[in-house]
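Before any comments, here is the structure.
Quick look at the structure:
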């Protein structure tokens, strides 16, 4: 059997990556399916779904939901008739919520310990209108080898988020990425995302040919301390697909003054126009 991953050209591998990306955003809990994120600090209703939602005592994961059987809400496969705890994503066993054949959800936690309900709709307006993710052609000039240097535990960098009114969140940074390209030295901050590192960056195409907020690149250090930055794999942040996401913005050291003409560009409707005005 032929190993297509090793025989395909970089451009062919990128095309397969791009196809998987376009498929992922239209999944029932893909980026285009998110229709609401609502933070809960008091007992309240949530747009688009039934029930009454409220906070739990400090230190407990999730939200309290009160609903009747007629509301048709299932939490972890059981019909809710009364009050139940909906565990958050920070719990070892987070709850799954089903509202209808198309609507589902889960509870997320903030760094400060507050909780929000995220509501997904597999038949959302975004999914119905989606045409494609535009992208640059494969560009070998933006496959860069750098060096990853670990930083002491507890090192943080302030990241602003799109909806935080200029406030900064200190996020742990496990190391710094350095490289030189076209005579310019770069020193980038990336925060931990599972087993990978997440680089949030912008460049001189941002707000022009690419999404204004910036783009993401997920990378992992090699065993020898080098790190490969293939900007052809740069992707649009979730907030490019749904206004219900709150995306981190590039810190100052991750704002390139040059154009990085590689990776994803914009989310387009079926008619080729922008899905979201920036």
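Residue numbers (the working numbering): 2 to 279.
Glycine is no exception: its CB is placed at the ideal position from the N, C-alpha and C atoms.
As the structure is a prediction and not an experimental result, all values here were calculated from the model.
Would you grab the beta carbon distance between residue i and residue j for me? Rounded to a whole angstrom, and I think it's under 8 Å.
{"i": "residue 32", "j": "residue 243", "result": "6 Å"}
{"i": "residue 57", "j": "residue 64", "result": "7 Å"}
{"i": "residue 170", "j": "residue 112", "result": "6 Å"}
{"i": "residue 239", "j": "residue 214", "result": "That belief does not hold up - the Cβ atoms of residue 239 and residue 214 are roughly 10 Å apart, past 8 Å."}
{"i": "residue 221", "j": "residue 200", "result": "Actually they do not touch by this definition, with Cβ atoms about 11 Å apart."}
{"i": "residue 149", "j": "residue 176", "result": "5 Å"}
{"i": "residue 178", "j": "residue 228", "result": "6 Å"}
{"i": "residue 34", "j": "residue 121", "result": "4 Å"}
Is residue i helix, strand or coil when you go by DSSP?
{"i": "residue 146", "result": "strand"}
{"i": "residue 277", "result": "coil"}
{"i": "residue 11", "result": "helix"}
{"i": "residue 23", "result": "helix"}
{"i": "residue 255", "result": "helix"}
{"i": "residue 32", "result": "helix"}
{"i": "residue 37", "result": "strand"}
{"i": "residue 239", "result": "helix"}
{"i": "residue 282", "result": "Nothing can be reported for residue 282, as the shown portion of the chain is limited to 2 through 279."}
{"i": "residue 245", "result": "coil"}
So, are the CB atoms of residue i and residue j less than 7 Å apart?
{"i": "residue 145", "j": "residue 180", "result": "yes"}
{"i": "residue 117", "j": "residue 40", "result": "yes"}
{"i": "residue 270", "j": "residue 127", "result": "no"}
{"i": "residue 90", "j": "residue 74", "result": "no"}
{"i": "residue 68", "j": "residue 81", "result": "yes"}
{"i": "residue 191", "j": "residue 158", "result": "no"}
{"i": "residue 205", "j": "residue 260", "result": "yes"}
Going by other Cβ atoms of all chains shown within 10 Å of its Cβ, with 16 needed for buried, is residue i buried or exposed?
{"i": "residue 266", "result": "buried"}
{"i": "residue 195", "result": "exposed"}
{"i": "residue 252", "result": "buried"}
{"i": "residue 62", "result": "buried"}
{"i": "residue 93", "result": "exposed"}
{"i": "residue 264", "result": "buried"}
Original post:
Which residue spans inside the stretch 78-132 form an unbroken alpha helix (DSSP H) run of at least 4?
Top reply: 126-130
Original post:
For the stretch 157-228, which segments carrying the beta strand (DSSP E) assignment without a break, of at least 3 residues, lie completely within its bounds, in sequence order?
Top reply: Correct list: 157-161, 169-173, 176-182, 185-194, 197-202 and 216-220.
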